[in-house]
Amino acid sequence: MLLEIDVIDAVCKDLEERGYVIINRKKEIKHSGKDVIAKKTNSNKDIRLFIEAIGETSSDSSSKRYGIPFDRSQIKVHISELLFATAETLSMPKLDEYIY
């Protein structure tokens, strides 16, 4: 089963191979903010990526659902949270020198 931290590790590795610098990344189960923030300079503009990741199961080993795949209702909640995070990121004030 892929845990959220496994997804984050794979995403960061891929981004670094593509020339992105990882500014911030989630390293603990409980945290606030985006899971990964990365940037890359391209044609004098900074490209910023704000990434939220989800694994296949709970990352908390003390959880009753640890190691058990998310069910339909949990998937709906996670997708809803991702859509909200996307809307939140899109509504952030934009700076001219960045591409989001």
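The sequence shown runs 909 to 1008 under our numbering. Ideal Cβ placement from N, Cα and C applies to all residues, glycine included. In this text the structure is predicted, and so the values were computed from the model without any measurement.
(message) Rounding to the nearest angstrom, what Cα-Cα distance links lysine 934 and lysine 953 in this structure?
(response) The residue given as residue 934 occupies position 26 in the sequence shown. The residue given as residue 953 occupies position 45 in the sequence shown. Distance between the alpha carbons of lysine 934 and lysine 953 is about 25 Å.
(request) Have a look at serine 999 and leucine 957 and give me their C-alpha separation to the nearest angstrom. (result) Your numbering for residue 999 matches position 91 in the sequence shown. Your numbering for residue 957 matches position 49 in the sequence shown. When the Cα atoms are used, serine 999 and leucine 957 turn out to be separated by approximately 14 Å.
(request) Please state whether DSSP places alanine 961 in a helix, a strand or coil. (result) Taking the sequence shown and counting its residues from 1, the one referred to as residue 961 is at position 53. Here alanine 961 sits in coil by DSSP.
(message) If you reduce the DSSP assignment to three classes, tell me which class lysine 972 lands in.
(response) What you label residue 972 is simply residue 64 of the sequence shown in a count that begins at 1. Lysine 972: coil per DSSP, three-state reduction.
(message) Along the chain, where does the beta strand (DSSP E) containing lysine 947 start, and where does it finish?
(response) Numbered from its first residue, the sequence shown carries residue 947 at position 39. First-last of the beta strand (DSSP E) with lysine 947: 944 to 950.
(message) Using the three-state DSSP reduction, which class does serine 966 fall into: helix, strand or coil?
(response) Reading the sequence shown from its first residue, position 58 is the one you call residue 966. Correct three-state label for serine 966: strand.
(request) Please name the residue or residues paired with arginine 926 in a DSSP beta bridge. (result) In the sequence shown, residue 926 corresponds to position 18, counting from 1. According to DSSP, which records beta bridges pairwise, arginine 926 is partnered with nothing at all.
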